[in-house]
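Below you'll find the structure, written out as C-alpha cells, and then a few comments.
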Amino acid sequence: MVARVIPVDPFDLVIFGGTGDLARRKILPGLYRRFRDGQMPAEARMIGAARSDMTAEAYRELARSALEDHVAAERRDPETVARFLGQLGYVAIDVHGDKGWLDLADAMRPGHVQAFYFSVAPGLFGTLAEKLHDHKVAGPDARIVVEKPFGHDLGSARTLNATLAAHFDEHQIYRIDHYLGKETVQNLMAVRFANMLFEPLWNAQFVDHVQITVAETVGVGGRGSYYDGSGAMRDMVQNHIMQLLCLIAMEPPNRFEPDAVRDEKLKVIRALDPVAPGDIVRGQYVPTNGTPGYLEDAGNPDSRTESYVAMKVHVSNWRWKGTPFYLRTGKRLRARSSEIAVTFREPPHSIFGESERWAENVLIIRLQPNEGIKLKVMIKEPGPGGMRLVNVPLDMSFADALGEGGNDIPDAYERLIMDVIRGNQTLFMRGDEVDAAWAWTDPVIAAWQERGDRPVPYDAGTSGPEDALMLMHRDGRRWREIRP
Ligand code: NAD
C-alpha cells in the first residue's frame with residue numbers, strides 16, 4: 002500500500018535556530034522527506050534564521066550535510082536534494098538585536114501561509130515573539146511553533162503563555178510534543194474510535210491496569226547541566242507521558258478536531274488525583290561496569306535529581322475508578338523501548354478448569370523502536386493432548402501491514418510541521434493543557450523537595466530500581482519486561 006500524499010498550500014517557514022542540533026537532526030531532514038514525497042509545492046520556501054553570519058549558500062551547504070547525516074542515502078538523489086536546497090534561504094538575526102528583521106520582513110510573501118519555528122532556547126521565546134510583532138514580520142494569520150520545554154513549572158509556563166498570548170492568539174500557537182506526531186500514537190486513536198471492538202471494554206470494569214513505559218539506554222551525557230535542573234518528572238512525565246495517558250484515558254471526542262480532542266485531554270489531566278508519596282519511586286543511575294553514574298554525567302556530586310521515576314496514578318472519574326495507571330521512564334535502562342500496555346481483566350470463570358493458568362489479554366501499543374500494535378489473546382495450543390491454552394500475540398507491525406509504505410513511516414516532526422502548514426492543531430498542546438499538567442506536577446516535585454529525598458540508586462543496563470518493582474508487586478501485578 003502506498004501512502005497517499007496530499008500537497009500543502011504554498012508557505013514561508015522561518016526556522017529560528019536553523020543552524021542548531023534540532024534543525025539539523027529533525028527539522029531539515031523532515032522537510033526534505035516531505036519535499037521528496039511531493040507534499041511541498043514548488044512555491045514553498047524555508048528560511049533558516051540564527052545568530053551566525055553566513056550566506057544563504059553557506060546555509061544550503063549546512064543543510065546538505067545535515068541531510069547526508071540524517072537521511073538514508075537511497076532517498077537522497079542529487080537532483081531532488083538540489084531542488085530542495087533551492088527552496089532554502091537564510092537570514093542572520095540575533096533575537097536580541099535589531100539587525101536582519103527588515104530583511105526577513107521583506108522576504109515574507111503576502112498571501113502565503115506563514116510559520117515561524119522557535120527552535121531556540123526557551124529563554125528566547127518571549128523576546129522572539131515580541132520582535133516578530135514589533136518589526137512587523139509576522140502577518141495576522143502567522144503561526145508559531147514552540148518547542149519543549151514549555152516552562153519549568155506552573156509559574157514559568159503561565160508567564161510564557163502570557164508572553165506569547167500578548168502577540169499571538171491561541172489558534173496561532175503550535176506547542177510541539179513530538180510524541181503526538183508518532184504514527185502509533187495516532188493509531189491509538191484510530192484503534193479506539195474507529196473500531197467497535199475496544200471501546201465498550203475501555204473502562205475500569207474490563208481494564209485491570211495500564212502501563213506506560215518510556216525507557217532510554219542513553220544517560221544524560223551532553224545535556225547534563227540542563228537535565229540536572231529538570232529531572233525525569235519535568236523532562237518526560239509532565240509532557241510526553243502525560244499526553245500518552247490522556248489519549249488512553251480520554252472520552253471519545255465528538256469529532257477528530259483540535260478543540261474537541263484537546264477538551265477531552267484536558268478533562269483527563271484535571272481528573273488526575275494527587276500522587277501519594279508512597280506511590281512514587283525516584284531513581285538515579287550509579288556507575289556500573291565502567292559507565293559513569295548520573296552524578297558524574299550531571300557534573301553535580303550532590304545532585305538529588307531523578308534520572309528515573311515510576312509511579313501509580315489514578316484518573317478519578319466514572320470510567321477509570323479502580324484502574325490504576327502505572328507510569329515509568331528512565332535513562333540508562335536495559336533497552337530503548339516506549340510502549341503503552343492495556344491489560345484487561347481475567348474472564349470471570351474458567352470453563353477449562355483451574356489447572357489452566359490464565360494469561361491476560363494485553364493490548365500493546367509500541368512507539369519505539371518498531372512501531373506497531375499487538376493484542377495478546379489465549380488460544381488452544383495446537384496438536385492433540387487435550388485442551389491446553391497458550392497466550393499468543395495478534396501482531397500488527399506497521400512495516401508488515403502496510404508493505405513498502407510501512408517501512409517509510411514519516412518521522413513525528415515532519416508530520417507535525419505539515420500539520421502546522423495545514424493549520425491543524427489537533428496534535429499540538431493547548432495552553433490550558435500545559436497549565437493543567439504543571440498544576441498536577443508541581444506539588445509532586447514540591448513534596449519531595451520539602452522532604453529532601455534522595456533518589457534510590459540503580460545500576461545501568463537494568464530495569465530501574467528494585468523499589469519500582471515493589472510498587473507493582475504489592476498490588477499483585479508486574480511490569481512488562483523492558484525489551485528492545
Ligand atoms: P542548539 O543549541 O543546538 O541550537 C540553538 C540555535 O539557536 C542555533 O541555531 C543558534 O544559532 C540559535 N541561537 C542561539 N541564540 C540565538 C540568538 N540570540 N538569536 C538567534 N539565534 C540564536 O539547540 P537545539 O538542541 O537545536 O534546541 C533548540 C530548541 O529545541 C530548544 O528549545 C530545545 O529545548 C528544543 N528541543 C531540542 C531537542 C533536540 O533534540 N535537540 C529536542 C526537544 C526540544
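Residues in the sequence shown are numbered from 2 upward in steps of one, following the working numbering. Even for Gly, the Cβ is constructed at its ideal location relative to N, Cα and C.
Please confirm whether any heavy atom of the ligand NAD lies closer than 8 Å to the CB of residue i.
| i | result |
| --- | --- |
| histidine 97 | yes |
| alanine 486 | Lying outside 2 to 485, the shown extent of the chain, residue 486 is not represented and no answer is given. |
| alanine 122 | yes |
| alanine 26 | Correcting the residue identity first, residue 26 is arginine in this sequence and not alanine. Yes, since a heavy atom of the ligand NAD falls inside the 8 Å radius drawn around the Cβ of arginine 26. |
| threonine 20 | yes |
| serine 157 | no |
| lysine 100 | no |
| lysine 149 | yes |
| serine 339 | no |
| isoleucine 145 | no |
| isoleucine 94 | yes |
| histidine 179 | yes |
| leucine 23 | yes |
| leucine 493 | Residue 493 cannot be examined here, being either before or after the span of the chain that is shown, 2 to 485. |
Rank the options by C-alpha distance to the C-alpha of residue i and give the top, closest one.
| i | options | result |
| --- | --- | --- |
| valine 457 | Ile374, Met397, Val310 and Thr81 | Val310 |
| tryptophan 319 | Pro288, Ala342, Ile341 and Leu273 | Leu273 |
| aspartate 95 | Ser66, Lys332, Thr81 and Gly19 | Gly19 |
| valine 215 | Arg5, Arg367 and Trp449 | Arg367 |
| leucine 189 | Met251, Glu148, His172 and Ile352 | Met251 |
| arginine 329 | Gly156, Ala448, Glu217 and Leu103 | Glu217 |
| glutamate 361 | Gln369, Met379 and Glu44 | Met379 |
| serine 351 | Leu376, Trp321 and Arg389 | Arg389 |
| glycine 1 | Asp209, Trp203, Val363 and Arg65 | Lying before the first or after the last residue shown, residue 1 is absent from the chain, which here runs from 2 to 485. |
| alanine 461 | Ala261, Arg263, Val15 and Tyr295 | Tyr295 |
Please confirm whether residue i and residue j have their CB atoms less than 9 Å apart.
| i | j | result |
| --- | --- | --- |
| valine 445 | methionine 234 | yes |
| arginine 61 | leucine 89 | yes |
| arginine 335 | arginine 481 | no |
| tyrosine 327 | methionine 473 | yes |
| isoleucine 212 | threonine 128 | A quick correction: the sequence has glutamine, not isoleucine, at residue 212. Against a cut-off of 9 Å, the Cβ pair of threonine 128 and glutamine 212 comes out as no contact. |
| tryptophan 439 | glycine 232 | no |
| alanine 116 | isoleucine 145 | yes |
| glycine 220 | serine 308 | yes |
| methionine 41 | leucine 29 | no |
| aspartate 142 | valine 114 | yes |
| threonine 427 | phenylalanine 169 | no |
| glutamate 372 | cysteine 247 | no |
| leucine 105 | histidine 136 | yes |
| methionine 55 | alanine 93 | yes |
| glutamate 340 | isoleucine 365 | yes |
| valine 138 | methionine 109 | yes |
| tyrosine 180 | histidine 241 | yes |
| lysine 322 | alanine 205 | yes |
| arginine 26 | isoleucine 418 | no |
| proline 253 | phenylalanine 199 | no |
| threonine 289 | alanine 299 | no |
| glycine 387 | glycine 331 | no |
Between residue i and residue j, which are expected to be in contact by the criterion C-beta below 8 Å, what is the C-beta distance as a whole number of angstroms?
| i | j | result |
| --- | --- | --- |
| tyrosine 118 | phenylalanine 12 | About 12 Å; that fails the 8 Å criterion. |
| valine 82 | leucine 68 | 6 Å |
| arginine 337 | proline 293 | Going by Cβ atoms, the distance from arginine 337 to proline 293 rounds to 19 Å, so no, they are not a contact pair. |
| valine 282 | proline 466 | 6 Å |
| arginine 431 | glutamate 171 | 7 Å |
Exercise for review: Counting only runs of 4+ residues fully inside the stretch 168-211, write out the alpha helix (DSSP H) ranges in chain order.
Suggested key: Here the runs fully enclosed are 184-194.
Practice item. Jot down the residue ranges of each uninterrupted alpha helix (DSSP H) in the stretch 65-105, minimum 4 residues, whole runs only, in chain order. Key: The stretch 65-105 contains these whole alpha helix (DSSP H) runs: 79-86.
Practice item. Go through the stretch 320-384 residue by residue and report every complete run of the beta strand (DSSP E) that reaches 3 residues or more, in order. Key: Qualifying beta strand (DSSP E) stretches, in chain order: 326-331, 338-345, 363-369 and 373-381.
Review point. Considering only residues of the stretch 423-468, which uninterrupted beta strand (DSSP E) runs meet the minimum length of 3 residues and lie entirely inside it, listed in chain order?
Key: You should have 457-460.
Check your understanding: Could you give the uninterrupted runs of the alpha helix (DSSP H) lying entirely in the stretch 109-172, keeping only those of 4 residues or more?
Key -> Fully contained in the stretch 109-172 are the following alpha helix (DSSP H) runs of length 4 or more, in chain order: 126-135 and 155-168.
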